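Chemist: Heads up: the sequence shown is residues -9 to 364, going by this note's numbering.
Just so you know, even glycine gets a beta-carbon here, dropped at the ideal spot from N, CA and C.
Quantities reported herein were computed from a predicted structural model and do not represent experimental measurements.
Pasting a structure here, questions to come.
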Amino acid sequence: MPPNNALIRASGLDTLRAVAIALVLMSHYGGFVSGKDTFGVVGSVGWTGVDLFFVLSGYLIGNQILAAIARKEALSLKAFFAKRLLRTLPNYYFMLALYFLLPGLLGGSSTPPLWQFLTFTQNFGLAYGQTFTHSWSLCIEEQFYLVLPLVTLAVVRCKRPLAVAWCLIAGAIGAGMLARGSAFALHEYDAFSAQTYYSTWCRFDELLPGVAIAMLKNFHGALYEKILAKGNLLLIAGLAAVVATLYCVKQEWPDTMLSTTFGFSLVAISYALLVMAALSPTSLLGRVRVPGATQLALWSYAIYLIHKPIFMVAAPRLRDMKIDVNAPLTVLLLFAISIFAGWLLFRCVETPFMQLRARWYPSQRAPAGLVPAA
């Protein structure tokens, strides 16, 4: 049974996931192929596609865990971890093998030890230009998948679990801000130093606005429905918040220290408003099905993993052939190749393991809008 056809999908979440991978593609094209803002201001903030992925993952995985808790069902850690590993490891290890088998073609300035890649800890001490650097976000998500269910099981044993959970979310977001402010001061006052950008401590809090949405949905249903009834207002507020926050981060306003400390969290919170709009049946984002968005959402994890090595291999060869990398036809061709390669990876590697997962761990309930989290 194909793993995704059986799930009830929310078109708004598919649209956001497609936007997220498009932002990443634009950012990396400018960074690794053209060397300039080929896509203008949108491409210059394309790095926030990862932030959007984080919020989506926070909601989707948080909802899986918290929905079971809300239904008073036993949370099987074995089943949860097995399902996550069957989802994430095949594509990842396939790409990791390519990097280690073809170091002359795909290798960076240096390569972290293999054990770090195998344990999703290579983001600790990772530097720009090293091998497979875009796997840093997968590290943070895998670490999140490990910690969240354990923390949840601990919290439900407290006398006032909901109050404790909300305090933990707020405190953790504050801790993320504090970590970024400290990293900024310790590393040459650079808002995008590798020690800040790749760090678990500086970026984990961006998953928490998504978890907060799942908390609202499963434990504060009346308030959640009341908020979702204002779907288009959420959409407008989310778009306005994203634009305003990114403007402040990009302009380093009011100063670099503050935009670094608070900016990443505010970007995530702004994207969380769009996720809520996507979940609302009254919003345009939730109602309108964008052609191709569902397919990009399905393939987005595979595209994320495979597009950067394609860019890195293609860029010097295009320059040697005197091909204009900023020409629309060149951009479309590289994007098309990346999407096709992502589809191949999805079809040949990811899908068989997802079919195994569906056979071994059949899901009786599918959270609305479930999309595999990258």
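Tell me the DSSP secondary structure of M311 in three-state form.
Modeler: Coil, per DSSP.
Chemist: Straight-line CA distance for M266 to M311?
Modeler: Using only the alpha carbons, I get a separation of about 47 angstroms.
Chemist: Which word fits S183, buried or exposed, when buried means at least 16 other C-beta atoms lie within 10 angstroms of its C-beta?
Modeler: Looking at its Cβ environment, which holds 16 or more other Cβ atoms inside 10 Å, S183 is buried.
Chemist: Going straight from the alpha carbon of A202 to that of A87, what length do you get?
Modeler: Rounded to whole angstroms, A202 to A87 spans 36 angstroms at the Cα level.
Chemist: Can you check whether the CB of A175 is closer than 8 angstroms to the CB of C192?
Modeler: Contact flag unset, no.
Chemist: Please name the residue, chosen from F325, W289, I11, S47, that lies closest to A305 on a Cα-to-Cα basis.
Modeler: If we check each option's Cα against that of A305, F325 comes out closest.
Chemist: I'd like to check one pair, L138 with G52: are the Cβ atoms closer than 8 angstroms?
Modeler: It is a contact, given that the beta carbons lie within the stated cut-off.
Chemist: Okay, do the region 284 to 292 and the region 221 to 240 touch, 3+ Cβ pairs below 8 angstroms being the bar?
Modeler: No, the region 284 to 292 does not touch the region 221 to 240.
Chemist: My output table needs one value for T121: the three-state DSSP class, helix, strand or coil.
Modeler: In the structure shown, T121 sits in coil (DSSP, three-state: anything other than H, G, I, E or B).
Chemist: Can you tell which of G221, E131, G171, H124 has its C-alpha closest to the C-alpha of T190?
Modeler: Ranking the options by Cα distance to T190, first place goes to E131.
Chemist: Applying the 10 Å Cβ sphere with the 16-neighbour rule, what's the burial state of F71?
Modeler: The residue in question, F71, is exposed, as its Cβ has fewer than 16 Cβ neighbours within 10 Å.
Chemist: Going by the beta-carbon positions, is the gap between V74 and Y135 smaller than 8 angstroms?
Modeler: As written in the sequence, residue 74 is Arg, which differs from the Val given in the question. Going by C-beta atoms, R74 is nearer than 8 angstroms to Y135.
Chemist: Within 8 angstroms, do at least three Cβ pairs link the region 213 to 231 to the region 11 to 30?
Modeler: With the cut-off at 8 angstroms, the region 11 to 30 and the region 213 to 231 do not touch.
Chemist: Report the three-state DSSP secondary structure of P362 (helix, strand or coil).
Modeler: Note that P362 has pLDDT 38, beneath the 50 cutoff, so the model's placement of it is unreliable and no number is given.
Chemist: DSSP three-state call for P357: helix, strand or coil?
Modeler: Per-residue confidence for P357 stands at a pLDDT of 44, beneath the threshold of 50, marking its modelled position as unreliable; the derived number appears in the next sentence. The answer is coil: DSSP assigns P357 none of H, G, I, E or B.
Chemist: Rounded to whole angstroms, how far is the Cβ of A268 from the Cβ of L3, which I believe are closer than 8 angstroms?
Modeler: Confirmed, Cβ separation roughly 5 angstroms.
Chemist: Which same chain residues, not among the five before or five after S100, have their C-beta less than 6 angstroms away from its C-beta?
Modeler: If we look at S100 and ignore the five residues flanking it on each side, its Cβ neighbours are Q120.
Chemist: Determine, using beta-carbon pairs with one atom in the region 19 to 29 and one in the region 315 to 325, whether at least three such pairs fall under 8 angstroms.
Modeler: Cβ pair count under 8 angstroms is three or more, so yes.
Chemist: Would T123 be called buried (16 or more neighbouring beta carbons within 10 Å of its own) or exposed?
Modeler: T123 comes out buried.
Chemist: Comparing C-alpha positions only, which one of V280, P244, V233 sits nearest to I259?
Modeler: The residue with the shortest Cα to Cα distance from I259 is V233.
Chemist: I need the boundaries of the alpha helix (DSSP H) containing Q132, first residue and last residue.
Modeler: Note that residue 132 is Glu in the sequence shown, not Gln. Note, E132: alpha helix (DSSP H), 126 to 145.
Chemist: In this structure, does DSSP put Y19 in helix, strand or coil?
Modeler: Y19: helix per DSSP, three-state reduction.
Chemist: Please report the residue range of the alpha helix (DSSP H) in which Y351 lies.
Modeler: It is not in any alpha helix (DSSP H) - Y351 carries neither H nor E in the DSSP assignment.
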